Amino acid sequence: MVAVDVSRAGLWDAEALSDVAAATFPLACPPDASPEDIEVFIDEVLSFEAFGDYLSDPARTVLKATKGGKIVGYAMVLDSPPEDPGVARLISIAPALEISKMYVLPGEHGTGVSTALMDAAIDYAKSLGHAGVWLGVNQHNQRAQRFYTKNGFDTVGTKTFRVGSQLHHDFVMLRRI
Numbered sequence: 046m047v048a049v050d051v052s053r054a055g056l057w058d059a060e061a062l063s064d065v066a067a068a069t070f071p072l073a074c075p076p077d078a079s080p081e082d083i084e085v086f087i088d089e090v091l092s093f094e095a096f097g098d099y100l101s102d103p104a105r106t107v108l109k110a111t112k113g114g115k116i117v118g119y120a121m122v123l124d125s126p127p128e129d130p131g132v133a134r135l136i137s138i139a140p141a142l143e144i145s146k147m148y149v150l151p152g153e154h155g156t157g158v159s160t161a162l163m164d165a166a167i168d169y170a171k172s173l174g175h176a177g178v179w180l181g182v183n184q185h186n187q188r189a190q191r192f193y194t195k196n197g198f199d200t201v202g203t204k205t206f207r208v209g210s211q212l213h214h215d216f217v218m219l220r221r222i
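One gets our numbering by counting positions in the sequence shown from 1 and adding 45 to each.
Written out as structure tokens, the structure is:
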């Protein structure tokens, strides 16, 4: 079994991260998400150029999981208050870091990659002095919800999430650290 290494991504990783995002994002979408809307989201939010912007943003940190030198997953954390006032009211722990994205290639599910990324995200939040972490997860993505619950997250409310022209509904989950 090849060990998982989690480290901070750099600009040189933007293309590989975009490729992982394009392969994994559709798996997290609800069954009624249209392929066209998923493609628009990937093109606008998960492109090589978008990852270049994320990796240059001082409020964002991208953690990459590698096995055998290949990126097999990533987590993006955001160190700023929620923009949505409704979400901000749900986050009862302050300061709290947002885990805005966490995706693992399908062939790596159940191999410890997600756990390694979650542990690294929690450690990063602790290193910044945060008291908690929060995230949004699609209400139809039960696999992810089980993983987050197993990792100490509680559902505290809901929010909407736009994919192309469609609005989807996410659970907001929160964990004290």
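Ideal placement from N, C-alpha and C gives every residue a C-beta, glycine not left out.
What you are looking at is a predicted structure, and each value in this text was computed from that prediction instead of being measured.
- With contact defined as three or more Cβ pairs closer than 8 Å, the stretch 185-199 and the stretch 59-69 are not in contact.
- F216: member of the beta strand (DSSP E) spanning 211-221, first to last residue.
- Distances from the CA of S92 to each of G118, K109, D77, E60 were compared; the closest alpha carbon is that of E60.
- A Cβ-Cβ contact shorter than 8 Å links V85 with G209.
- A direct Cα-Cα distance of roughly 15 Å separates I136 from V122.
- Around the CB of K195, fewer than 16 other CB atoms lie within 10 Å, so the residue is classed as exposed.
- Under the three-state reduction of DSSP, G131 is assigned to helix.
- The alpha carbon of A110 has as its nearest neighbour, out of L72, T69, R221, S52, the alpha carbon of S52.
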